[in-house]
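Below: one structure, written as structure tokens.
Residue numbers (this note's numbering): 33 to 208.
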């Protein structure tokens, strides 16, 4: 199974994201709102039971050893393009959480990425150009992160000659 660990936006943050335009445009694939997340660590193909066991221990340790408030994720300030084919909303405030997840899971799946963590929620992927009027839109929302989620990423048939990706929640690990 292709797995990753992430956080889901709160209902309030998702409502803010839903206010963004979603114009129909050729070559654009939108993520459905229930698929929105910020990836903390991509694991690739690995055993979900091993990951569950590690994250359960990590979560218990995080909760026992953490005396401050839950981490706060902040969306914005504006939508942007990540790489050359993805429109995202930046997410600040997850760096320490992502580093902790990477440390706990470094021995599982693919080796951790060497590039710096860039927190974001993907809105859409595009082939030629981002949808008109979407890049640079203001976004402002924040939410307390009270759990991390183990996701399964699977490819699905999205129509003739097209595939898409669906993210399934396999488990949730509380931070308190």
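For each residue, glycine too, the CB sits at the ideal point set by N, CA and C. Keep in mind that this is a model prediction, so the values were computed, not measured.
If contacts are defined as beta-carbon pairs under 8 Å, then residue i and residue j qualify, I think. What distance do you get, rounded to the angstrom?
{"i": "residue 207", "j": "residue 179", "result": "6 Å"}
{"i": "residue 78", "j": "residue 141", "result": "4 Å"}
{"i": "residue 136", "j": "residue 86", "result": "6 Å"}
{"i": "residue 103", "j": "residue 128", "result": "7 Å"}
{"i": "residue 49", "j": "residue 55", "result": "At roughly 15 Å, the Cβ-Cβ gap does not stay under 8 Å, so residue 49 and residue 55 are not in contact."}
Which of the three DSSP states is assigned to residue i in this structure?
{"i": "residue 171", "result": "coil"}
{"i": "residue 133", "result": "helix"}
{"i": "residue 66", "result": "helix"}
{"i": "residue 163", "result": "coil"}
{"i": "residue 50", "result": "helix"}
{"i": "residue 115", "result": "coil"}
{"i": "residue 124", "result": "strand"}
Check whether the Cβ atoms of residue i and residue j sit closer than 8 Å, and answer yes or no.
{"i": "residue 170", "j": "residue 109", "result": "yes"}
{"i": "residue 35", "j": "residue 126", "result": "no"}
{"i": "residue 70", "j": "residue 124", "result": "no"}
With a threshold of 8 Å, are at least 3 pairs of Cβ atoms found where one atom belongs to the region 54-66 and the other to the region 84-92? no
> Would you call the region 118-133 and the region 152-161 touching, i.e. three or more CB-CB distances under 8 Å?
Replying inline: yes
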